[in-house]
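Each residue of the sequence shown is one higher than the one before, starting from 1 at the first, in the UniProt record's numbering.
C-beta atoms are modelled at their ideal positions from N, C-alpha and C, and glycine is treated no differently.
Here the structure comes first, spelled out in structure tokens, and everything after it is commentary.
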Amino acid sequence: MPQSKLDRVHRAGEALQQAPDGISSKPFLLETLIPTPEDGLGAMIAKLEPGTLTHWHSHPHGQILYVLSGIALVQCDGGAVEHLHAGDCIRFEPGEHHWHGSGATTSLTYLSVQAAHEGTAVTWFEPVNEGDRQ
Numbered sequence: 001m002p003q004s005k006l007d008r009v010h011r012a013g014e015a016l017q018q019a020p021d022g023i024s025s026k027p028f029l030l031e032t033l034i035p036t037p038e039d040g041l042g043a044m045i046a047k048l049e050p051g052t053l054t055h056w057h058s059h060p061h062g063q064i065l066y067v068l069s070g071i072a073l074v075q076c077d078g079g080a081v082e083h084l085h086a087g088d089c090i091r092f093e094p095g096e097h098h099w100h101g102s103g104a105t106t107s108l109t110y111l112s113v114q115a116a117h118e119g120t121a122v123t124w125f126e127p128v129n130e131g132d133r134q
């Protein structure tokens, strides 16, 4: 039986949870908007306090990150750190190593859209170090 349209509605705040341990420099909150199926598209909102950086990671089908509020720091492997503001958007290529986070004195809220491949939407790597942030 097909899913009813009402079952697909997401209510603000109903899926707010702590991000998994070991993926960032500080804890942060995630709100799942669209759960990511085994081989499909998912979306979430992330809420980071000042000074929170994700670890290096990649997505098998890439990622779209849209800044809702605050200032985002983003960096792709081998590139410069970029600053994004509310309304800015970046697309990370499939398999591209990158990280993103909030500035030292600013919080950050962003929308993330990514797809899974064989059940994996993200692969996590090492933490960001000062030498990376050039």
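From the options, residue whose alpha carbon lies closest to that of residue i
i	options	result
residue 178	E93, Q63, K47 and D77	Residue 178 falls outside the range modelled here, since the chain spans only 1 to 134, and no answer is possible.
H98	L48, I23, Q17 and E14	I23
A104	S112, G70, I90 and S58	G70
K47	T36, D88, H85 and E31	E31
Range covered by the beta strand (DSSP E) that runs through residue i
i	result
E31	L29 to I34
H85	E82 to H85
V74	Q63 to C76
residue 144	Nothing about residue 144 can be reported from this structure: the residues present for the chain run from 1 to 134 only.
Residue i to residue j span [Cα, whole Å]
i	j	result
T54	S25	6 Å
E49	E118	32 Å
Y66	L73	12 Å
E93	R8	28 Å
A12	L33	8 Å
S107	E96	25 Å
Beta bridge counterpart(s) of residue i as assigned by DSSP
i	result
A116	Bridge partners of A116: none, in fact.
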